[in-house]
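**Student:** Dropping the structure in here first, questions after.
Put into structure tokens, the structure is as follows:
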């Protein structure tokens with residue numbers, strides 16, 4: 001206490017001390033009274049009511065067993081099992097009931113010959129110091145055969161019980177992992193938000209994908225059983241039971257065969273394939289590569305495997321289908337063209353001269369074809385993917401009209417798919433730039449926006465959805481992965497002239513089937529017509545800090561894109577393909593897209609194909 | 001050889017023993033050490049003879065004792081200088097816990113590497129009463145109306161930061177530790193009774209704002225048998241443990257309720273039930289006498305303190321200790337609703353032990369750093 005604060009006079013000080021001591025006495029008396037209350041309470045419990053509690057403790061006791069619910073299974077659209085619950089066996093030990101721990105340990109080492117004896121030894125070393133009366137579970141699982149072997153000798157080892165539990169398994173391994181997601185142990189954070197009653201006896205929870213989004217459907221609710229046990233803890237009889245409600249099964253819209261076919265086509269490449277039924281919005285294939293094995297997470301992943309996945313430069317954890325944000329490149333052109341002709345900025349037959357560039361304010365915005373496309377109408381602009389045509393168009397339209405034309409297709413907005421965490425992408429406008437960058441818009445930026453570069457970013461799912469809406473002639477759909485998922489009725493994009501839509505779609509058909517089309521070489525053999533568009537997106541917005549020097553060159557390669565739907569007049573499938581750093585759209589993404597469409601139609605609409613058509617489409621494993 | 005200059009000091013040091021020279025109060029140390037020994041024994045029994053658990057508890061106790069010793073060396077006037085700054089730091093940490101806590105939601109935390117966490121609310125258990133004491137040390141007792149308003153505002157503000165975590169139990173107890181300072185500073189009886197009546201009247205309103213789980217706790221407290229499968233289970237099993245202990249108990253390591261796992265949290269919040277089961281009513285009375293002894297010694301130290309700041313913190317620390325003991329034992333015996341609160345100095349666990357031992361360190365420092373008063 002600093003000296004200057006001691007301003008009180010001696011009499012004050014004396015008075016204060018007296019008053020303070022008085023309060024101390026009161027506090028102490030208060031303490032004594034309440035302690036006496038506690039002792040009275042204890043006397044009531046331990047003396048007066050002792051016999052009653054003695055009876056409760058010594059005689060039969062009631063204990064509670066939680067019966068955890070069985071998690072709902074997940075199937076694909078054809079009832080093929082994607083997520084199952086498999087019984088696994090393990091051993092439980094209670095130290096005070098065991099005669100000889102060392103001999104038991106030895107016997108278990110013999111049976112579990114697939115596990116390093118040292119790990120079993122370590123478990124028992126720790127076990128010997130643990131609570132004598134509590135049961136401890138071996139951290140390894142036994143095969144059915146090993147379980148049988150143990151049953152034979154179990155009578156020699158009291159205190160050890162063989163127990164079975166259900167473990168989530170994904171029979172198709174890494175396939176469709178980004179759609180399906182996975183379950184894992186409940187963590188501290190989740191514990192605070194969960195209903196503790198519903199999760200009694202459960203230690204796993206959906207961590208991502210459908211497993212997470214539909215957690216409440218899949219989980220069910222636990223049952224409770226009251227059992228009477230004797231003083232040694234043995235169950236005498238079962239009393240009241242609250243039955244378990246198992247989780248509900250879920251059917252996905254995915255076709256796992258198509259999914260695997262599409263995944264194989266991606267090979268070692270990074271990227272995504274989305275196939276949607278344009279009529280319903282059902283997602284038929286949901287590919288994001290590279291993949292990883294969800295089975296690793298169920299019982300908790302070890303640090304080594306986890307770090308390997310996290311540090312993998314190809315980032316397998318990223319769900320590229322909904323979180324990969326890519327410049328759409330030339331795949332944006334059909335939507336641009338439709339917006340321009342619907343709003344009378346140009347007529348489909350009007351021609352623009354392309355010398356190979358557009359000159360604007362001392363800058364030359366180059367076409368991909370240095371020599372130029374000559375006179376270009378809308379059809380030619382889409383078929384040959386002429387950049388200059390769209391540069392010119394964009395200067396007439398301005399960024400806000402472009403934004404308004406593309407927004408109804410869902411660019412720059414959540415698709416509303418039934419898994420968590422999708423990205424919005426970016427569909428730029430003057431307002432957007434002002435709000436996010438605080439700067440005004442430059443017309444030069446409009447020019448590069450017109451070919452899906454600059455600020456434009458879209459997810460593969462957004463691109464597939466936009467393609468489906470185009471295929472539907474304006475009927476908006478909401479992509480979803482679970483068949484029973486109810487989507488509200490969505491409106492239709494306002495159509496000013498249906499012939500405008502057909503003209504754009506015909507041009508996309510010409511991309512695939514006319515001589516000059518950018519993807520004509522891949523679709524000539526097909527007995528049906530595809531409408532498609534290739535795209536080659538420059539990767540100039542890369543954050544160079546993310547990459548090491550060795551892979552830098554590769555990572556700066558263009559992204560290869562493709563969108564398409566088929567058959568043109570009655571679309572059954574709409575698709576988007578993005579292959580990162582894999583060169584031009586016509587070279588890499590287009591053939592993949594065509595093959596997926598072809599495979600799907602063969603599986604579901606075989607009548608589309610003549611009888612002489614080859615049965616199997618050879619799947620070539622790509623070397624990146 | 002040069003005796004003369006030392007003579008005056010020798011007079012002063014005449015009664016100083018070894019313990020006092022290292023700023024330790026022997027009586028307080030004795031009480032605390034007895035309680036800690038009981039802790040080790042009961043934790044071992046409640047865990048069913050788990051040596052690893054007991055070893056960890058011993059290590060924590062050792063660590064806490066060292067902290068107590070260190071804090072006993074800090075003269076109260078140094079504490080006085082730092083108090084408002086530590087309070088500010090604590091408030092900042094409470095706010096950042098709120099902000100950070102929300103940001104980390106949904107993160108993949110199931111790979112948590114070790115339970116390294118720090119609870120600012122634990123720090124506040126000491127710092128809030130110290131801050132109120134610091135505030136009142138400026139003026140004479142009873143404090144002026146303005147000081148009282150400022151004091152209650154600080155208490156309410158700190159409490160509300162913890163309430164929204166949400167942690168109603170801790171928040172109320174911390175607020176109570178602050179309010180105890182008001183009491184010792186000479187808050188007029190009129191005000192005390194008016195406030196008490198106000199709290200009683202506003203209880204229905206508080207009920208309205210409680211979380212569902214908090215309401216559940218209160219309801220279960222009133223009629224534990226109504227939910228024998230749910231939250232009432234803890235209380236029923238705890239009462240069976242205590243009641244079956246009888247007058248002289250089942251003997252050390254004889255708690256069947258804990259060993260057969262009927263009793264939840266038997267090493268932490270419900271450790272008193274294990275003690276009551278094994279040592280009976282006599283053991284319980286013994287423990288309460290020991291607690292009473294520690295509190296009495298603490299209050300004696302408060303009565304001997306030389307200035308308002310140290311008086312108030314010493315008295316308030318002891319009242320806080322008392323409230324924790326009372327709430328825990330009241331809870332496990334079914335007198336009070338279930339609040340997750342350990343039994344001071346006995347329960348297994350580190351954070352509350354550290355806080356308590358620091359408060360004992362401060363108490364010892366107050367008693368052993370006295371100046372000679374010039375009367």
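Chains as they are written, first to last, in our numbering: chain E, 1 to 624; chain Y, 1 to 375.
Think of the CB as a built atom: it goes at the ideal place given N, C-alpha and C, for glycine as much as any other residue.
Remember, it's a predicted structure, so these values are computed and weren't measured experimentally.
Which runs of the alpha helix (DSSP H) at least 4 residues long sit entirely within the segment 228-285 of chain E? Give them in chain order.
**Tutor:** Segments of the alpha helix (DSSP H) lying fully in the segment 228-285 of chain E: 256-266.
**Student:** So, is the C-beta of residue 186 of chain Y closer than 8 Å to a C-beta in chain E?
**Tutor:** Looking up residue 186 of chain Y in the second chain gives position 186. Yes, because at least one Cβ of chain E sits closer than 8 Å to the Cβ of residue 186 of chain Y.
**Student:** Residue 244 of chain E: which of E:496, E:464, E:201, E:254 sits nearest, CA to CA?
**Tutor:** To locate residue 244 of chain E, count along the first chain from 1; it is residue 244. The residue with the shortest Cα to Cα distance from residue 244 of chain E is E:201.
**Student:** Is it true that the segment 233-240 of chain Y meets the segment 329-347 of chain Y, where meeting means three or more beta-carbon pairs spaced less than 8 Å apart?
**Tutor:** With a cut-off of 8 Å, the segment 329-347 of chain Y and the segment 233-240 of chain Y count as touching, because enough Cβ pairs lie within range.
**Student:** Cβ of residue 176 of chain Y less than 8 Å from any chain E Cβ?
**Tutor:** Taking the first residue of the second chain as position 1, residue 176 of chain Y is located at position 176. Answer no: the Cβ-Cβ gap between residue 176 of chain Y and chain E never drops below 8 Å.
**Student:** Extract the residue ranges of the beta strand (DSSP E) inside the segment 17-58 of chain E, only unbroken runs of 3 or more that lie entirely within it.
**Tutor:** Qualifying beta strand (DSSP E) stretches: none in this window.
**Student:** Considering residue 237 of chain Y, what are the terminal residues of the beta strand (DSSP E) in which it resides?
**Tutor:** Working through the second chain from its first residue, we reach residue 237 of chain Y at position 237. Taken as a continuous stretch (DSSP letters only), residue 237 of chain Y belongs to no beta strand (DSSP E), being part of the alpha helix (DSSP H) at 232-245.
**Student:** For a contact meaning CB atoms closer than 9 Å, what does residue 97 of chain E contact in chain Y?
**Tutor:** Indexing the first chain from 1 puts residue 97 of chain E at position 97. Residues of chain Y passing the Cβ test: none, with the nearest at roughly 12 Å.
**Student:** Run down chain E in chain order and give the residues with a C-beta less than 7 Å from the C-beta of residue 259 of chain Y.
**Tutor:** The residue you call residue 259 of chain Y lines up with position 259 of the second chain. In chain order: 133.
**Student:** When the cut-off is 8 Å and only beta carbons count, does residue 57 of chain E lie next to chain Y?
**Tutor:** As a position in the first chain, residue 57 of chain E is number 57, starting the count at 1. Judged by the 8 Å Cβ criterion, residue 57 of chain E is in contact with chain Y.
**Student:** Please check the pair residue 366 of chain E and residue 356 of chain E, which I expect to be a contact at CB under 8 Å, by giving their CB distance rounded to whole angstroms.
**Tutor:** The residue you call residue 366 of chain E lines up with position 366 of the first chain. The residue you call residue 356 of chain E lines up with position 356 of the first chain. Correct: roughly 7 Å between the Cβ atoms.
**Student:** Sorted by chain position, which residues of the same chain lie with C-beta nearer than 7 Å to residue 11 of chain Y's C-beta, five sequence neighbours on each side aside?
**Tutor:** In the second chain, the residue the question calls residue 11 of chain Y occupies position 11. Only weak support is given to the placement of residue 11 of chain Y: the predicted model assigns it a pLDDT of 43, under 50, and the question is left unresolved by the model.
**Student:** Between which two residues does the alpha helix (DSSP H) harbouring residue 434 of chain E extend?
**Tutor:** Residue numbering aside, residue 434 of chain E sits at position 434 when the first chain is read from its first letter. Residues 430-436.
**Student:** Could you have a look at residue 70 of chain E and say whether DSSP puts it in helix, strand or coil?
**Tutor:** By one-based count along the first chain, residue 70 of chain E stands at place 70. Three-state DSSP puts residue 70 of chain E in coil, outside helix and strand.
**Student:** Could you please give me the residues that DSSP links to residue 532 of chain E through a beta bridge?
**Tutor:** Counted from its first residue, the first chain places residue 532 of chain E at position 532. The partner list for residue 532 of chain E (beta bridge, DSSP) reads E:564.
**Student:** If you reduce the DSSP assignment to three classes, tell me which class residue 579 of chain E lands in.
**Tutor:** For the purposes of this step, residue 579 of chain E is taken as residue 579 along the first chain, with counting starting at 1. Correct three-state label for residue 579 of chain E: strand.
**Student:** Residue 384 of chain Y touches chain E at which residues, Cβ-Cβ below 9 Å?
**Tutor:** No statement about residue 384 of chain Y is possible, as the shown extent of chain Y runs from 1 to 375 and does not include it.
**Student:** Quick one: is residue 130 of chain E near chain Y, going by C-beta distance under 8 Å?
**Tutor:** For the purposes of this step, residue 130 of chain E is taken as the residue at position 130 of the first chain. Yes, residue 130 of chain E lies at the interface with chain Y (some Cβ there is under 8 Å from its Cβ).
**Student:** Going by DSSP, name the residue or residues bridged to residue 93 of chain E.
**Tutor:** Numbered from its first residue, the first chain carries residue 93 of chain E at position 93. Answer is E:136, E:160.
**Student:** Does the Cβ of residue 17 of chain Y have 16 or more other Cβ atoms within 10 Å, making it buried, or fewer, making it exposed?
**Tutor:** Taking the second chain and counting its residues from 1, the one referred to as residue 17 of chain Y is at position 17. Per the 10 Å Cβ criterion, exposed.
**Student:** What did DSSP end up calling residue 168 of chain E once you bin it into helix, strand or coil?
**Tutor:** As a first step, residue 168 of chain E must be located in the first chain, where it is residue number 168. Strand.
**Student:** From the DSSP output, in three-state form, read off residue 161 of chain Y for me.
**Tutor:** Counted from its first residue, the second chain places residue 161 of chain Y at position 161. Residue state, collapsed to three classes: helix.
**Student:** Once the 5 residues before and after residue 246 of chain Y are set aside, which same chain residues still bring their CB inside 6 Å of it?
**Tutor:** Here residue 246 of chain Y corresponds to residue number 246 of the second chain, with the count starting at 1. Closer than 6 Å at the Cβ level, and outside the excluded window around residue 246 of chain Y, lie 280.
**Student:** Quick check on DSSP: helix, strand or coil for residue 83 of chain Y?
**Tutor:** By one-based count along the second chain, residue 83 of chain Y stands at place 83. Helix at residue 83 of chain Y.
**Student:** Could you pull the start and end residues of the alpha helix (DSSP H) that residue 119 of chain E belongs to?
**Tutor:** Taking the first residue of the first chain as position 1, residue 119 of chain E is located at position 119. From DSSP, the alpha helix (DSSP H) with residue 119 of chain E extends over 117-127.
**Student:** Using a Cβ cut-off of 8 Å (strictly closer), state whether residue 202 of chain E contacts chain Y.
**Tutor:** Position 202 of the first chain, counted from the first residue, corresponds to residue 202 of chain E. False, the Cβ-Cβ gap to chain Y never drops below 8 Å.
**Student:** Is DSSP giving residue 681 of chain E helix, strand or coil here?
**Tutor:** Past the edges of chain E, shown from 1 to 624, lies residue 681 of chain E, and the structure says nothing about it.
**Student:** Can you tell me the Cα-Cα spacing of residue 44 of chain Y and residue 284 of chain Y, whole angstroms?
**Tutor:** By 1-based counting over the second chain, the position of residue 44 of chain Y is 44. By 1-based counting over the second chain, the position of residue 284 of chain Y is 284. Near 18 Å, if we compare the C-alpha coordinates of residue 284 of chain Y and residue 44 of chain Y.
**Student:** For residue 3 of chain Y and residue 26 of chain E, I'd like the C-alpha separation in whole angstroms.
**Tutor:** Working through the second chain from its first residue, we reach residue 3 of chain Y at position 3. Working through the first chain from its first residue, we reach residue 26 of chain E at position 26. For residue 3 of chain Y, the pLDDT reaches just 44, beneath the cut-off of 50, and the residue's location in the model is therefore unreliable, leaving the point undetermined.
**Student:** Under 8 Å by Cβ, that's how I've got residue 181 of chain Y and residue 347 of chain Y pegged, so tell me the actual separation to the nearest angstrom.
**Tutor:** Counting from one through the second chain, the residue named residue 181 of chain Y turns up at place 181. Counting from one through the second chain, the residue named residue 347 of chain Y turns up at place 347. Not quite, the Cβ-Cβ distance comes to about 26 Å (not below 8 Å), so this is no contact.
**Student:** State the Cα-Cα distance for the pair residue 222 of chain E and residue 204 of chain E, rounded to the nearest angstrom.
**Tutor:** The residue given as residue 222 of chain E occupies position 222 in the first chain. The residue given as residue 204 of chain E occupies position 204 in the first chain. One C-alpha to the other measures close to 13 Å.
**Student:** Closer than 7 Å by C-beta to residue 260 of chain E: which residues in its own chain qualify, once you throw out the five before and the five after it? Chain order, please.
**Tutor:** Residue 260 of chain E sits at position 260 when you count from the first residue of the first chain. For residue 260 of chain E, where only same-chain residues beyond five positions count, the Cβ hits under 7 Å are 175.
**Student:** From what residue to what residue does the alpha helix (DSSP H) around residue 361 of chain Y run?
**Tutor:** For the purposes of this step, residue 361 of chain Y is taken as residue 361 along the second chain, with counting starting at 1. 351-368 is the span of the alpha helix (DSSP H), which, as asked, contains residue 361 of chain Y.
**Student:** Of all the residues that make up the segment 330-344 of chain Y, which are near chain E by a beta-carbon distance shorter than 9 Å?
**Tutor:** The residues in question are 330, 333, 334, 335.
**Student:** Are the beta-carbon atoms belonging to residue 32 of chain Y and residue 87 of chain Y less than 8 Å from one another?
**Tutor:** Stepping through the second chain from its first residue, residue 32 of chain Y is reached at position 32. Stepping through the second chain from its first residue, residue 87 of chain Y is reached at position 87. Not in contact: residue 32 of chain Y and residue 87 of chain Y (Cβ atoms no closer than 8 Å).
**Student:** So, with DSSP's three-state summary, where would you put residue 75 of chain E?
**Tutor:** By one-based count along the first chain, residue 75 of chain E stands at place 75. Residue state, collapsed to three classes: strand.
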